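Number 166 in our numbering belongs to position 166 of the sequence shown; there are no gaps in the numbering.
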Amino acid sequence: MDKFRPLVRQTELEVNDLICPIFVDETIKEPVEIRSMPGYFNIPPDMVADEVDCISSLGIPAIILFGVPHDKDEAGTHAYGDDDVIQEAVRSIKSKCDKDIIVITDLCLCEYTSHGHCGMVDFGTHEILNDPTLDILGKTAVSHARAGADIVAPSGMMDGMVSAIRTALDDNGFPNIPIMSYAAKYSSGFYGPFRDAAKSSFSFGDRASYQMDPGNSDEALREVELDIDEGADIIMVKPAMPYLDIIYRVKKRFKMPTAAYQVSGEYSMIKAAAQNGWLDEKNVMYESLIAIKRAGADMILTYFAKDMAKMLNE
Ligand code: PBG
Numbered sequence: 001m002d003k004f005r006p007l008v009r010q011t012e013l014e015v016n017d018l019i020c021p022i023f024v025d026e027t028i029k030e031p032v033e034i035r036s037m038p039g040y041f042n043i044p045p046d047m048v049a050d051e052v053d054c055i056s057s058l059g060i061p062a063i064i065l066f067g068v069p070h071d072k073d074e075a076g077t078h079a080y081g082d083d084d085v086i087q088e089a090v091r092s093i094k095s096k097c098d099k100d101i102i103v104i105t106d107l108c109l110c111e112y113t114s115h116g117h118c119g120m121v122d123f124g125t126h127e128i129l130n131d132p133t134l135d136i137l138g139k140t141a142v143s144h145a146r147a148g149a150d151i152v153a154p155s156g157m158m159d160g161m162v163s164a165i166r167t168a169l170d171d172n173g174f175p176n177i178p179i180m181s182y183a184a185k186y187s188s189g190f191y192g193p194f195r196d197a198a199k200s201s202f203s204f205g206d207r208a209s210y211q212m213d214p215g216n217s218d219e220a221l222r223e224v225e226l227d228i229d230e231g232a233d234i235i236m237v238k239p240a241m242p243y244l245d246i247i248y249r250v251k252k253r254f255k256m257p258t259a260a261y262q263v264s265g266e267y268s269m270i271k272a273a274a275q276n277g278w279l280d281e282k283n284v285m286y287e288s289l290i291a292i293k294r295a296g297a298d299m300i301l302t303y304f305a306k307d308m309a310k311m312l313n314e
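Here you go:
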């Protein structure tokens with residue numbers, strides 16, 4: 001019977017569907033394995049082009065960059081300097097690597113703020129200052145575009161972020177840079193290992209005031225609709241596997257290019273079980289990704305991108 005399976009299979013996973021995250025870390029000289037993400041490394045800026053060559057040689061069409069700066073401060077100033085970590089990394093990739101690889105930059109403040117929140121903070125009330133954050137996100141987007149980024153991906157769930165970024169890009173001569181918005185981003189325990197990688201644990205509170213309640217689904221559709229109205233070109237659901245129903249509804253309702261982020265905790269869970277001999281890593285990696293695709297994702301951000309591409313290329 002096995003020979004009939006490919007003929008009738010409804011969903012195929014392709015290398016073309018994968019987006020590979022890279023943590024560019026200004027504080028290190030050699031790649032450093034992330035404690036809670038076995039097999040995944042923070043990369044120093046001068047080695048990022050080699051890493052991108054390795055990713056593009058597997059046929060993976062896109063990467064997304066996260067930065068770990070030397071210094072963090074209350075205002076996240078190192079998010080938007082022309083010589084800061086992401087801007088340097090993008091320039092280095094654009095001058096040394098295959099021109100066809102799509103460079104996406106994550107656009108958020110939490111990696112750059114000393115308190116680890118995605119926006120400016122009122123230290124009296126511990127409230128997130130939404131609107132002052134928008135100016136900084138606009139400035140950061142323009143600095144990424146100036147360095148050569150192909151797509152910017154705001155991930156902080158600030159209200160109005162997509163239109164603020166769209167306006168800033170348009171006003172500064174970058175009307176053709178698309179925005180991939182983390183539109184439906186849940187307040188999730190599955191981001192735990194990412195905060196090890198980005199060294200971005202928060203010093204107080206949590207992100208529940210700006211990330212979504214896992215119990216809600218209609219709200220995800222409203223969030224996505226707002227971002228589309230503000231000019232998002234690609235919308236994202238995050239995390240992926242615990243939210244397959246959201247991916248399904250978002251794709252069905254809006255028919256927009258839809259990304260899903262298989263986040264750090266989803267990766268680490270599979271890795272840890274595999275290391276214990278409790279799950280077969282390759283099987284489960286493939287099954288988790290095809291499930292996300294089947295639910296409606298057009299593209300998947302995943303820490304398994306390289307391994308999955310190798311397996312698909314075999
Ligand atoms: C930053 C950001 C986070 C992730 C992507 N961008 C962390 C967070 O929101 O807490 C998580 C990705 C992952 O866990 O792999 N805003």
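Positions of the beta carbon are idealized from the N, C-alpha and C atoms, including for glycine.
None of these values were measured; they are calculated from a predicted model.
Cα-Cα separation between residue i and residue j, rounded to whole angstroms
{"i": "VAL8", "j": "ARG249", "result": "24 Å"}
{"i": "CYS110", "j": "ASN313", "result": "36 Å"}
{"i": "ILE86", "j": "ALA198", "result": "13 Å"}
{"i": "ALA184", "j": "LEU137", "result": "18 Å"}
{"i": "THR77", "j": "GLY124", "result": "21 Å"}
{"i": "TYR186", "j": "ASP213", "result": "6 Å"}
{"i": "SER155", "j": "ASP2", "result": "42 Å"}
{"i": "THR27", "j": "ALA164", "result": "31 Å"}
{"i": "ASP171", "j": "ASN42", "result": "34 Å"}
{"i": "GLN275", "j": "LYS282", "result": "12 Å"}
{"i": "GLU51", "j": "LYS94", "result": "13 Å"}
{"i": "GLY192", "j": "SER201", "result": "9 Å"}
{"i": "ALA145", "j": "ALA62", "result": "16 Å"}
{"i": "TYR243", "j": "VAL237", "result": "8 Å"}
{"i": "ASP46", "j": "GLY277", "result": "36 Å"}
{"i": "LYS72", "j": "THR113", "result": "5 Å"}
{"i": "MET158", "j": "TYR210", "result": "7 Å"}
{"i": "ASP196", "j": "PHE4", "result": "45 Å"}
Backbone secondary structure at residue i - three-state DSSP
{"i": "TYR248", "result": "helix"}
{"i": "GLY189", "result": "helix"}
{"i": "LEU65", "result": "strand"}
{"i": "CYS20", "result": "strand"}
{"i": "PHE94", "result": "In the sequence as presented, Phe is not what sits at residue 94; that position holds Lys. Reduced to three states, the DSSP call for LYS94 is helix."}
{"i": "ASN130", "result": "helix"}
{"i": "GLU33", "result": "strand"}
{"i": "LEU107", "result": "strand"}
{"i": "SER268", "result": "helix"}
{"i": "ALA184", "result": "strand"}
{"i": "THR302", "result": "strand"}
{"i": "LYS72", "result": "coil"}
{"i": "ILE290", "result": "helix"}
{"i": "ILE55", "result": "helix"}
{"i": "MET47", "result": "helix"}
{"i": "ASP82", "result": "coil"}
{"i": "ILE179", "result": "strand"}
{"i": "ASP25", "result": "strand"}
{"i": "MET212", "result": "strand"}
{"i": "THR125", "result": "coil"}
Residue i - containing alpha helix (DSSP H), residue span
{"i": "VAL263", "result": "No alpha helix (DSSP H) contains VAL263, which DSSP labels as neither H nor E."}
{"i": "ASN42", "result": "Note, ASN42: premise wrong, no alpha helix (DSSP H); beta strand (DSSP E) at 41–43."}
{"i": "THR167", "result": "161–171"}
{"i": "LEU226", "result": "218–230"}
Run of the beta strand (DSSP E) containing residue i, from where it starts to where it stops
{"i": "ALA153", "result": "151–154"}
{"i": "MET120", "result": "120–122"}
{"i": "VAL8", "result": "Run containing VAL8: none in the beta strand (DSSP E); it sits in the alpha helix (DSSP H), 5–8."}
{"i": "LYS99", "result": "Counting along the chain, LYS99 falls outside any beta strand (DSSP E), and DSSP gives it neither H nor E."}
{"i": "VAL15", "result": "It is not in any beta strand (DSSP E) - VAL15 carries neither H nor E in the DSSP assignment."}
{"i": "MET236", "result": "234–238"}
Selected residue, minimal CA-CA separation from residue i, among the options
{"i": "LEU301", "options": "ASP98, ILE102, VAL48", "result": "ILE102"}
{"i": "ALA153", "options": "ASN172, ILE177, ASP159, ARG146", "result": "ILE177"}
{"i": "LYS96", "options": "SER56, VAL263, PHE304", "result": "SER56"}
{"i": "THR167", "options": "THR140, PHE190, SER92, GLY192", "result": "THR140"}
{"i": "GLY148", "options": "ASP280, THR105, SER201, ILE179", "result": "THR105"}
{"i": "TYR267", "options": "ARG253, LEU289, ALA220, THR258", "result": "LEU289"}
{"i": "ASP206", "options": "HIS115, ASP227, THR258", "result": "HIS115"}
{"i": "ASP229", "options": "PHE190, SER143, ASP245, PHE254", "result": "PHE254"}
{"i": "MET180", "options": "PRO242, CYS108, GLY173, LEU244", "result": "CYS108"}
{"i": "VAL284", "options": "ASP298, MET299, ALA260, MET241", "result": "MET241"}
{"i": "MET308", "options": "GLY231, PHE174, LEU13", "result": "LEU13"}
{"i": "LYS395", "options": "ARG294, MET161, PRO21", "result": "Given a span of 1 to 314 for the chain in the structure shown, any question on residue 395 remains unanswerable."}
{"i": "LYS310", "options": "PHE190, SER264, SER36, LEU58", "result": "LEU58"}
{"i": "MET269", "options": "MET299, GLU30, ASP280", "result": "ASP280"}
beta-carbon residue i near the ligand FMN non-hydrogen atom, thresh 7 Å
{"i": "PHE4", "result": "No copy of the ligand FMN appears in this structure; the ligands present are the ligand PBG."}
Residue i at chain D interface by Cβ criterion, 8 Å
{"i": "LYS293", "result": "Here there is only one protein chain, and chain D is not present."}
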